[in-house]
Amino acid sequence: TTHLVWFRNDLRITDNRALAAACADVDATVIAVFIATPGQWRRHDMAPRQAAFIYQHLLALQSSLAERGIPLYYQQCELFSDAVDWLKAFVAEHKVDALFYNNQYEINEVARDAALDKALSTELTLHRFDDSLLLPPGSVTTGEGGMYKVYTPFRRAFLQRLSESDTRSLAAPQARNNPYKGQSAPIKPFDYPQEEVGDDFPIGEEAARDRLRRFCRENVQDYLEQRDLPAIDGTSTLSPYLAIGVLSPRQCLNRLRAEHPHALEKTDGGAFGWLNELVWREFYRHLLVAWPHLCKHKPFIEWTDGVRWRDAPDDLKAWQAGKTGYPIVDAAMRQLNATGWMHNRLRMIVSSFLVKDLLIDWRSGERYFMSQLLDGDLAANNGGWQWGASTGTDAAPYFRIFNPTTQGERFDKQGRFIKAWVPELAEVPEKDIHHPHQWAEKQRRVLDYPHPIIDHARARKDTLAAFETAKSRA
Ligand code: FAD
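To convert, take the position in the sequence shown, counting from 1, and add 16; that gives our numbering.
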């Protein structure tokens, strides 16, 4: 018998349910495949550096599978629909008896898999797994059986359910007794814009696991005090690995518990605080499955679609380039542009700035983030943007508007983060870093740094009015 594992968003051999199941029969011949779909990625605004991150991990995956006697085949198709056609021919050619894959939950991915299942269900056995989440979507429900719209009760139900579930991590498969004799061709670079990944995120499962181990051992206990301070490495920076499945959330949970056995009970501790973020990740994915229209650029709160956003391309460009004249916003955007990663507090600040100060449609920001992020993930990105824009479930109410200057003062008091990313402000003293032009005027100096492109107090009033008008019309 021949078992085929279709790798998608699960580029690892350890704790991979589909791979482990395919390898369970020691007599089966196991082969694997990955299909790149650059046309589809373009439609999803996937960042070139995320494609590069995937590519590097595919090379690593191919060699670790080869060591176990499993060839990884590679094919490039333009769209998901082409991938389905190609896979049909591939399973016939290789006389595949059973296909194994881990579920994806976004609307186009679900449609692709449904088409494939329909085409192949009579030809072979299909084995699908819920692998990228701690608990499958639809398994955490209210008393009435629906999905929660508010996070805190979701978390309560989630943790209860988690305590009753098997979340053990699975070992990587052993080398096969009957390794496949054929050769899989080297993986060619994708037909996608090329960009470097950068040194901040080393390639490979081991690198990801090392980072996880170090974080759980050395940083988790201080997570609550440090997680909001972008100048400190206080968070795990594991998101790029989780986003493409180089690491699983079960591995995160189990490592956390190994280092902090009481993580789940001690709810005011750093370990619980970190677990809480993993549960947010679950929440947004569960939401996407319960309300698939979230995949279609629709707000959760319908009336917010009536907000009259400003058409302000120059302001959007200034925000993208980190030239708004608000130091914390600019430093954050430059970090994103240079590295593909941004600290969570900063994601909240810059999304609020785009939507509530510039009154620009949150979907422009969501799209720009996707085009830059190494950890781009539809559910988390959409959830984060809709939260900040006050259009989502459990969102900040629309009248809660961050002041970008006081956010900077609170979370980067001495301007250490700002100075790391905005060299034009290098000479501004600590106490003036959040008001650089006021300082420059007093010093009779001219800074090579823009004046604020918008006045926060006025913008706040305009935004409140725009939301209130939309609400009153609904
Ligand atoms: P840690 O603090 O160490 O958290 C551990 C893990 O939990 C993260 O790696 C991530 O997988 C998950 N996580 C943490 N916070 C959140 C959250 N608020 N929502 C969902 N999952 C979370 N995260 C992405 O992975 N991809 C995105 O595209 C993305 N876009 C965002 C857009 C906006 C506007 C906002 C406000 C947040 C977004 N986030 C996104 C969530 C969060 O900012 C990042 O997951 C986090 O900053 C990653 O850093 P870390 O790995 O050090 O996180």
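All C-beta atoms, glycine included, are put in the ideal place defined by N, C-alpha and C.
Closest by CA to residue 261, which one among 431, 28 and 276? In the sequence shown, counting from the first residue as 1, residue 261 sits at position 245. Closest by alpha carbon: 28.
If you drop the 5 nearest sequence neighbours on each side, which residues of the same chain put their C-beta closer than 6 Å to that of residue 315? Here residue 315 is taken as the residue at index 299 of the sequence shown, counted from 1. The answer, listed in chain order, is 321 and 407.
Would the C-beta of residue 251 count as close to the ligand FAD, meaning under 7 Å from any of its heavy atoms? Translated into the one-based positions of the sequence shown, residue 251 becomes position 235. Indeed, a heavy atom of the ligand FAD lies less than 7 Å from the Cβ.
Whole-angstrom C-beta distance between residue 325 and residue 376, which should lie under 8 Å: Against the sequence shown, residue 376 aligns to sequence position 360. Against the sequence shown, residue 325 aligns to sequence position 309. Right, the Cβ-Cβ distance comes to about 6 Å (below 8 Å), so this counts as a contact.
Can residue 445 and residue 341 be called in contact, C-beta distance under 8 Å? Taking the sequence shown and counting its residues from 1, the one referred to as residue 445 is at position 429. Taking the sequence shown and counting its residues from 1, the one referred to as residue 341 is at position 325. Not closer than 8 Å, so no.
For the candidate residues 18, 414, 199 and 360, whose alpha-carbon lies nearest to that of residue 323? Indexing the sequence shown from 1 puts residue 323 at position 307. Residue 414 is the option with its Cα nearest to residue 323.
Could you tell me the distance, in whole angstroms, from the CA atom of residue 411 to the CA atom of residue 308? For the purposes of this step, residue 411 is taken as the residue at position 395 of the sequence shown. For the purposes of this step, residue 308 is taken as the residue at position 292 of the sequence shown. Cα to Cα, residue 411 sits roughly 18 Å from residue 308.
Three or more C-beta pairs closer than 8 Å, one from the segment 131 to 147 and one from the segment 46 to 56: is that the case here? no
For the beta strand (DSSP E) containing residue 47, name the first residue and the last one. Counting from one through the sequence shown, the residue named residue 47 turns up at place 31. Unbroken beta strand (DSSP E) run through residue 47: 45 to 52.
Simplified DSSP state of residue 19, which is helix, strand or coil: By 1-based counting over the sequence shown, the position of residue 19 is 3. In this structure, residue 19 counts as strand in the three-state DSSP scheme.
Taking 8 Å as the threshold (C-beta atoms), are residue 455 and residue 448 in contact? Here residue 448 corresponds to residue number 432 of the sequence shown, with the count starting at 1. Here residue 455 corresponds to residue number 439 of the sequence shown, with the count starting at 1. Contact flag set, yes.
Under a Cβ-count criterion, where at least 16 other Cβ atoms within 10 Å of its own Cβ denotes burial, should residue 204 be classed as buried or exposed? As a first step, residue 204 is located in the sequence shown; it is residue number 188 there, counting from the start. It counts as exposed.
Drop a sphere of 10 angstroms on the beta-carbon of residue 134, count the other beta-carbons inside from all chains shown, and report buried for 16 or more, exposed for fewer. On the sequence shown, position 118 is the one that residue 134 refers to. With fewer than 16 other Cβ atoms within 10 Å, it is exposed.
From what residue to what residue does the alpha helix (DSSP H) around residue 167 run? Sequence index remark: in the sequence shown, residue 167 carries index 151 (1-based). Start and end: 167 to 179.
Ignoring anything shorter than 4 residues or poking outside the segment 44 to 116, list the alpha helix (DSSP H) runs there in chain order. 54 to 59, 64 to 82 and 96 to 109
Along the chain, where does the alpha helix (DSSP H) containing residue 433 start, and where does it finish? What you label residue 433 is simply residue 417 of the sequence shown in a count that begins at 1. Residues 432 to 437.
Which ranges would you report for the alpha helix (DSSP H) in the segment 332 to 382 if only whole runs of at least 4 residues count? 343 to 355 and 360 to 368
Output the distance between the C-alpha atoms of residue 353 and residue 336, rounded to the nearest integer angstrom. Within the sequence shown, residue 353 is the residue found at index 337, counting from 1. Within the sequence shown, residue 336 is the residue found at index 320, counting from 1. Going from the Cα of residue 353 to the Cα of residue 336 covers about 8 Å.
Cα-Cα, which of 65, 189 and 63 is closest to residue 30? Within the sequence shown, the letter at position 14 stands for residue 30. For residue 30, the nearest C-alpha among the options comes from 189.
Alpha carbon to alpha carbon, what distance is there between residue 422 and residue 218? Start at 1 with the first residue of the sequence shown, and residue 218 comes out as number 202. Start at 1 with the first residue of the sequence shown, and residue 422 comes out as number 406. Residue 218 and residue 422: Cα-Cα distance of roughly 35 Å.
What first and last residue would you give for the beta strand (DSSP E) that runs through residue 144? The sequence position of residue 144 within the sequence shown is 128, counting from 1. Note, residue 144: beta strand (DSSP E), 141 to 145.
Out of 72, 155, 45 and 487, which has the shortest C-alpha to C-alpha gap to residue 211? Here residue 211 refers to the residue found at position 195 of the sequence shown. Residue 72 is the option with its Cα nearest to residue 211.
Give a single yes or no on whether residue 243 has its beta carbon closer than 7 Å to a heavy atom of the ligand FAD. For the purposes of this step, residue 243 is identified with residue 227 of the sequence shown, where counting begins at 1. Yes, Cβ of residue 243 sits closer than 7 Å to a heavy atom of the ligand FAD.
As an exercise, report each continuous alpha helix (DSSP H) stretch of at least 4 residues that is fully enclosed by the segment 398 to 485, in chain order. 420 to 427, 432 to 437 and 452 to 458
Where does residue 270 fall in DSSP's three states? As a first step, residue 270 is located in the sequence shown; it is residue number 254 there, counting from the start. Residue state, collapsed to three classes: helix.
Hey, residue 472 and residue 373: beta-carbon distance below 8 Å or not? Your numbering for residue 472 matches position 456 in the sequence shown. Your numbering for residue 373 matches position 357 in the sequence shown. Yes, these two residues count as a Cβ contact at 8 Å.
When the Cα of residue 289 is compared with those of 171, 131, 197 and 485, which residue comes out closest? Stepping through the sequence shown from its first residue, residue 289 is reached at position 273. Residue 289 has its Cα closest to that of 171, out of 171, 131, 197 and 485.
Three Cβ pairs or more, each shorter than 8 Å: is that satisfied between the segment 224 to 231 and the segment 85 to 93? no
Is it the case that the CB of residue 150 approaches a heavy atom of the ligand FAD more closely than 7 Å? If you number the sequence shown from 1, residue 150 lands on position 134. Checking every heavy atom of the ligand FAD against the Cβ of residue 150, none is found closer than 7 Å.
Which value, in whole angstroms, describes the spacing of the CA atoms of residue 81 and residue 131? For the purposes of this step, residue 81 is taken as the residue at position 65 of the sequence shown. For the purposes of this step, residue 131 is taken as the residue at position 115 of the sequence shown. Spanning the two alpha carbons is a distance of roughly 28 Å.
How would you call residue 368, buried or exposed, if buried means at least 16 neighbouring beta carbons within 10 angstroms? Locating residue 368 in the sequence shown gives position 352, where the first residue counts as 1. So residue 368 counts as buried.
With three or more C-beta pairs closer than 8 Å as the rule, is the segment 288 to 304 touching the segment 257 to 273? yes
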